[in-house]
Amino acid sequence: MAKGKLHNTERVPERAILVGVQIAADPGLLPLEDSLDELALLADTAGLEVVTQTYQRINAPNPKTLIGKGKVQEIKALAEELDAQVILFDDELQPRHQRELEEEFGTKRRVIDRTALILDIFAQHASTHEGALQVELAQYEYRLPRLTRAWTHLARQSGGGGGRSGGVGGVGLRGPGETQLESDRREIGKRISRLRSDLEKVRAHRGRYRAQRKRARIPIIALVGYTNAGKSTLLNALTDAQVYVADKLFATLDPTTRKVRLPGGREALFTDTVGFIQKLPHGLVKAFQATLEEVKEADLLLHVMDVTHPNVHEHAEAVMQTLDEIEARHVPMLTVLNKIDRLDDPAAAQAALAEFDGAVAVSALTKQGLDELLAAVTRKLYETLTPIEVLLPYEQGALIALFHEQGQVDVVEHTRTGVRLSGRLPGRLLARFSEFAKGRKAAAAASPREVE
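140 is the number of the first residue of the sequence shown in our numbering; add one for each residue after it.
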């Protein structure tokens, strides 16, 4: 059975056993049982059939197999009884853990982890050249430290990069005394370098495009949120963008940008981005840097939350952790509580609004609350001024002029290195000045103050 793909759509879905592990020192963001339920949704999205799930709470990881020996034997017996081909762990496995577990469970069964599963889902859903490059890079960086004979000859596998070839052709041309494994490692290293180079070109192109949009002074609003919170449905409701939506995790992957007319006749660009999730693989975040810079460079974030989900607070925390990782917490944010049409009691929406300061309640499906949302966006972009102090180099004359034109200047000080400006700026401009802000982290945490 091929190792490069988790399933074959032309065959009966592979049967999977889910395994959760909770370490005493690191209990995780979601309760163990809820995290396994989420893993089951991911498995369904990837085309696996979940036959059962099990878990173990441990004080410390087993250095060889992560879980205890008894648990290994229990899972092995379950796999035999239920004819499971896949053992799926809810956390990323260390290379040694994966090798030892594969040996324990035998060649008839594959051991994969949450990271490999998410990478496979992304490979299925990447529909653009850029998305394919990003997924392929993340897959190779994941595979390289885990490379064994089971992963060799990847060029003949179907997985990787949303339909792209694995790209390690020529693995048979080895140097004197070089093993197949060493040859594959070398070729994968070369492929990773090429992918990084290609993505750097994509990143530069996106940077030039963003610069053009900023010169046009059209605000950019990025939709962020936990996967399946309804971001794509919201973009469709606001713009008739016809972005693909489904009640599955990571139903959409590639970003979509559409123009929206705001109250008063102004326009803004709304961008739908990839959904976040707890335990989002770090390598995937790195690989998607070019795409996620759309979030980092936005003028405003709409944090879309599924208000009906029992773990909505934990989902919000996972989003914030990811925003920290991509250094986007400085961007002003508006919380959008979505799916209020699913609430049995309308008063529950009001209670939720009281929990999340400044939030707007909407139903992207029925379009309820969209006028209020656009009004709140307008206030955030144009009517809410946030205190900020910056030191702008003299060569940043355009930003100096912009602060004077669009903001309220309280203090001006000319220094040897630049102009120190203290005052307040509209929310839509904060991201442009963030790299020059004094006490950037403190400024990011400061709550915006609305001008009467």
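Idealized CB from N, CA, C, for every residue including glycine. Given the structure is predicted, the values throughout are model-derived calculations rather than measurements.
Asked: Measuring CB to CB, does arginine 567 end up less than 7 Å from leucine 512?; Found: no
Asked: So, with DSSP's three-state summary, where would you put alanine 223?; Found: coil
Asked: How big is the Cα-Cα spacing for glutamate 231 and threonine 556?; Found: 47 Å
Asked: Per DSSP, what kind of secondary structure is glutamine 278 in: helix, strand or coil?; Found: helix
Asked: Per DSSP, arginine 249 is paired with what?; Found: Val225
Asked: When you compare the region 557-576 with the region 464-474, are there three or more beta-carbon pairs, one atom per stretch, that lie closer than 8 Å?; Found: yes
Asked: At which residues does the beta strand (DSSP E) containing proline 565 begin and terminate?; Found: 557-565
Asked: If we call anything under 7 Å between Cβ atoms a contact, is leucine 187 one with leucine 175?; Found: no
Asked: In whole angstroms, what is the alpha-carbon distance linking arginine 303 and histidine 268?; Found: Here arginine 303 scores only 38 on pLDDT, less than 50, and its place in the model should not be relied on; the value that follows carries that caveat. Near 9 Å, if we compare the C-alpha coordinates of histidine 268 and arginine 303.
Asked: Which residue comes first and which comes last in the alpha helix (DSSP H) that contains phenylalanine 542?; Found: 536-545
Asked: To which residues of the same chain is phenylalanine 228 closer than 6 Å at the C-beta, ignoring the five residues directly before and after it?; Found: Val158 and Asp252
Asked: Looking only at its own chain, which residues have a Cβ that is under 6 Å from the Cβ of leucine 492, when we skip the five neighbours before and after it?; Found: Ala498 and Ala500
Asked: Going straight from the alpha carbon of aspartate 483 to that of histidine 448, what length do you get?; Found: 13 Å
Asked: What is the rounded straight-line gap between the Cα of valine 434 and the Cα of alanine 361?; Found: 6 Å
Asked: Which same chain residues end up closer than 7 Å to asparagine 450 when comparing Cβ atoms and leaving out the 5 residues on each side of it in sequence?; Found: Leu169 and Asp173
Asked: Report the three-state DSSP secondary structure of lysine 478 (helix, strand or coil).; Found: coil
Asked: Any idea what DSSP makes of proline 485, helix, strand or coil?; Found: helix
Asked: The alpha helix (DSSP H) that contains threonine 461, what's its start and end?; Found: 451-464
Asked: Using 8 Å as the threshold, is the region 196-209 in touch with the region 231-244, meaning 3 or more CB pairs across them?; Found: yes
Asked: Give the straight-line distance between the Cα atoms of methionine 463 and leucine 509, rounded to the nearest whole angstrom.; Found: Residue identity check: residue 463 is aspartate in the sequence provided, not methionine. Roughly 28 Å separates the two Cα atoms.
Asked: Quick one: residues in its chain with C-beta nearer than 8 Å to the C-beta of histidine 442, no 5 flanking neighbours on either side, listed in chain order?; Found: Val363, Gly364, Ala455, Val458, Met472, Leu473, Thr474 and Val475
Asked: Determine the closest residue to alanine 271 out of Ile527, Ala426, Arg356 and Leu560, with distance taken between C-alpha atoms.; Found: Ala426
Asked: How many Å lie between isoleucine 465 and serine 561 at the Cα?; Found: 27 Å
Asked: Since aspartate 411 sits in a beta bridge, which residues does DSSP pair it with?; Found: Leu362 and Thr395
Asked: DSSP three-state call for glutamine 161: helix, strand or coil?; Found: strand
Asked: In whole angstroms, what is the alpha-carbon distance linking serine 266 and threonine 430?; Found: 14 Å
Asked: By DSSP's criteria, asparagine 201 is part of a beta bridge. Which residues make up the other side?; Found: Leu205
Asked: Note down the Cα distance separating glutamate 326 from leucine 320, rounded to an integer number of angstroms.; Found: 10 Å
Asked: Under 8 Å by Cβ, that's how I've got isoleucine 359 and aspartate 438 pegged, so tell me the actual separation to the nearest angstrom.; Found: 5 Å
Asked: What residue from Thr184, Leu181, Glu213 and Ala179 has the CA that sits closest to glutamine 195's CA?; Found: Glu213
Asked: Please list, in chain order, all residues of the same chain as glutamine 428 whose beta carbon is under 8 Å from its beta carbon, the five residues on each side excluded.; Found: Leu338, Arg342 and Ile465
Asked: What residue range is occupied by the uninterrupted beta strand (DSSP E) comprising threonine 372?; Found: From DSSP, threonine 372 is part of no beta strand (DSSP E) but of the alpha helix (DSSP H) over 370-378.
Asked: How is the alpha helix (DSSP H) around proline 234 delimited, first residue to last?; Found: 234-244
Asked: Check for me: the alpha helix (DSSP H) holding aspartate 510 runs from which residue to which?; Found: 509-517
Asked: In the DSSP assignment, the alpha helix (DSSP H) including leucine 569 goes from what residue to what residue?; Found: 569-572
Asked: Report yes if the C-beta distance between threonine 372 and alanine 503 is below 7 Å; otherwise report no.; Found: yes
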